[in-house]
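Per numbering that gives the first Met the number 0, the sequence shown starts with residue 0, numbered consecutively.
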Amino acid sequence: MKNSYSNIFSFNKKILKKSIKNLNNGNIVGLPTETVYGLGGNAYSKKSILKIYKLKRRPKSNPLIVHYLNLKDASKDIVLNEKFKKLYKQFCPGPITFILKKKYGSKINPQASAKLKTVAIRFPNHRVVRSILKGINFPLAMPSANKSTNVSPVSAEDVFDEFKKKIQVIIDGGKCKVGIESTVIDLTNEPRILRPGIIDKNSIEKILKKKFKKNIINRKIISPGMMRKHYSPGIPVFINQKKHDGKSAFIYLGNKNMNKKKFFSLSKNLDLNEAASNLYKLFRKIKKQGYKKIQIGKIPNFGSGIAINDRIQRASKS
Ligand code: TXA
Ligand code: MG
């Protein structure tokens, strides 16, 4: 399919080959995953890692997620543990990222994990990125394909909006199904969720047969993605709103205001997964339509609602 963007390509054998060539040469490629689009580069290459940080204008203290095809590949770089194996079996490939100890002798470039002794790893579930992982002999360091502090992209056009022609190849893999970033869980000590996602704490506890501590116990930044100014749509956001001010875009759950202008439903039938998948798409749409402010109604705080509340709280603080 042709489109008006010279660096957005539909997925086929030719573009698969071209992307692999680019990655082998240390270049960065815009790729779809089931969560959000990412900026992929060779996790073993210093040159590639530095390019990613520069493109994103990301602080060097904020480590990247390293993406693998399967457990066998990941076991070259990380120390496996029992909890991880259980969760892997249940949820992978899928929208969950594990913080684990880096293996001695691992080839992951130290800057990819911000020189920490731990590394974040993920097994994405999208045919484009899986085909690419099959064709290369290194894992992909891949942060979300947005400039630092912006919201993550959920379509190839969103990636273009962020980086224009600064990357040569963006593969169009359609709109991301999940639509928000993966759950990040630290498994280096007692399990702890550093970033909530659609795989929620309850379903993880069920697999581990153990309740674990609250997400974040203090204000200290444990996962740098926990920085307060993050996920900003570029206009002020106000949460837990009861009344429309008449001017702002109003985001809500349900079907009550469907025909009213300025009202945007995250999910007509109150489905929190659907709501999560529509959040960033709506943020970008509303901004493009020229609104100066976003109001958001109350979102229930369970299941994927926890992840939505996490993102909109951060958006409201920026
Ligand atoms: O869904 C996703 O996870 C997407 C797609 C592209 O895979 N990627 C993504 O990457 O969201 P990024 O870089 O935007 O977010 C990675 C998060 C950050 O909050 C980072 O601080 C945290 O993971 N992280 C990475 N390595 C870490 C480590 N060793 N310890 C603690 N947190 C880490
Ligand atoms: Mg990000």
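A virtual CB, placed ideally from N, CA and C, is assigned to each residue, including glycine.
Quick caveat, the model's predicted, so the values are computed rather than measured.
1. Measuring CB to CB, does Phe262 end up less than 8 Å from Phe249?
2. Count the other C-beta atoms from every protein chain shown that fall within 10 angstroms of the C-beta of Arg56, then say buried if there are 16 or more, exposed otherwise.
3. Would you kindly work out how many angstroms separate the C-alpha atoms of Gly245 and Lys297, rounded to a whole number?
4. Starting from Tyr251, follow its DSSP beta bridges and name the residues at the other end.
5. Report the rounded CA-to-CA distance for Lys255 versus Leu265, giving the unit in angstroms.
6. Let me confirm a value: Phe301 is counted as buried when at least 16 other C-beta atoms fall within 10 Å, else exposed. Which label applies?
7. What does a CB cutoff of less than 8 Å around Tyr43 pick up in its chain, not counting 5 residues either side in sequence?
8. Could you give the residue range of the beta strand (DSSP E) that holds Ala144?
9. Whole angstroms are fine: how far does the CA of Ile238 sit from the CA of Lys291?
10. The ligand MG and Asn254: does the residue's C-beta get closer than 7 Å to at least one heavy atom of that ligand?
11. Going along the chain, which unbroken runs of the alpha helix (DSSP H) with 4 or more residues stay wholly within the segment 139-189?
12. Is the segment 29-37 in contact with the segment 70-82, if contact means three or more CB pairs nearer than 8 Å?
13. Go to Leu193, then tell me how far its beta strand (DSSP E) extends in each direction, as first and last residue.
14. Beta-carbon separation of Ile64 and Pro190 under 8 Å?
15. Assuming contact is defined by CB atoms lying nearer than 8 Å, are Gly29 and Ala144 in contact in what I supplied?
16. Could you spell out the range, first to last residue, of the alpha helix (DSSP H) harbouring Leu278?
17. Gly334 and Lys280 look like a contact to me (Cβ under 8 Å); what is the Cβ gap, rounded to whole Å?
18. When the Cβ atoms of the segment 158-168 are set against those of the segment 80-92, are three or more pairs found closer than 8 Å?
19. Report the rounded CA-to-CA distance for Arg310 versus Lys102, giving the unit in angstroms.
20. What separation, rounded to the nearest whole angstrom, lies between the Cα atoms of Asp72 and Ala155?
21. Quick one: is the Cβ of Ala119 within less than 7 Å of any heavy atom of the ligand TXA?
22. For the segment 25-55, which segments carrying the beta strand (DSSP E) assignment without a break, of at least 3 residues, lie completely within its bounds, in sequence order?
23. Who are the Cβ neighbours of Val150 in its own chain at under 6 Å, not counting the five residues just before and after it?
24. Is any heavy atom of the ligand MG found at a distance shorter than 7 Å from the C-beta of Pro142?
25. Please state whether the Cβ-Cβ distance between Ala140 and Ala111 is less than 8 Å.
26. Can you tell me whether Asn61 sits near the ligand TXA, meaning its C-beta is under 7 Å from at least one heavy atom of the ligand?
27. Take the Cβ of Leu269 as the centre, count every other Cβ of all protein chains shown within 10 Å, and call the residue buried at 16 or more, exposed below.
28. Quick check: does the Cβ of Ser151 come within less than 7 Å of any heavy atom belonging to the ligand MG?
29. With distance defined between alpha-carbon atoms, name the residue in Arg194, Phe162 and Leu186 nearest to Ser5.
30. In terms of residues, what are the limits of the alpha helix (DSSP H) holding Ser18?
31. Let me know if Lys321 comes out buried or exposed under the rule of 16 or more other beta-carbons within 10 Å of its beta-carbon.
32. Mind checking Arg126: buried by the 16 CB within 10 Å criterion, or exposed?
In short, the structure shows the following:
1. yes
2. exposed
3. For the pair Gly245 and Lys297, the Cα-to-Cα distance works out to about 18 Å.
4. Residue pairing from DSSP places Tyr251 in a beta bridge opposite Ser264.
5. Rounded to the nearest angstrom, the two C-alpha atoms are 12 Å apart.
6. exposed
7. Lys106, Ile107, Asn108, Phe137 and Pro138
8. Taken as a continuous stretch (DSSP letters only), Ala144 belongs to no beta strand (DSSP E), as it is neither H nor E.
9. Straight through space, the alpha carbons of Ile238 and Lys291 are spaced by roughly 15 Å.
10. Result no, Cβ not under 7 Å from the ligand MG.
11. 155-162
12. no
13. Arg191 to Arg194
14. The beta carbons of Ile64 and Pro190 sit no closer together than 8 Å.
15. yes
16. Leu271 to Lys287
17. The chain is shown from 0 up to 317; residue 334 falls before or after that span and cannot be answered.
18. no
19. 32 Å
20. 28 Å
21. yes
22. Here the runs fully enclosed are 28-30 and 37-41.
23. Tyr230, Pro232, Tyr279 and Phe282
24. yes
25. yes
26. yes
27. exposed
28. Indeed, a heavy atom of the ligand MG lies less than 7 Å from the Cβ.
29. With respect to the C-alpha of Ser5, the residue from Arg194, Phe162 and Leu186 having the closest C-alpha is Phe162.
30. Lys12 to Asn23
31. Residue 321 lies beyond the stretch modelled for the chain, which goes from 0 to 317, so this question has no answer here.
32. exposed
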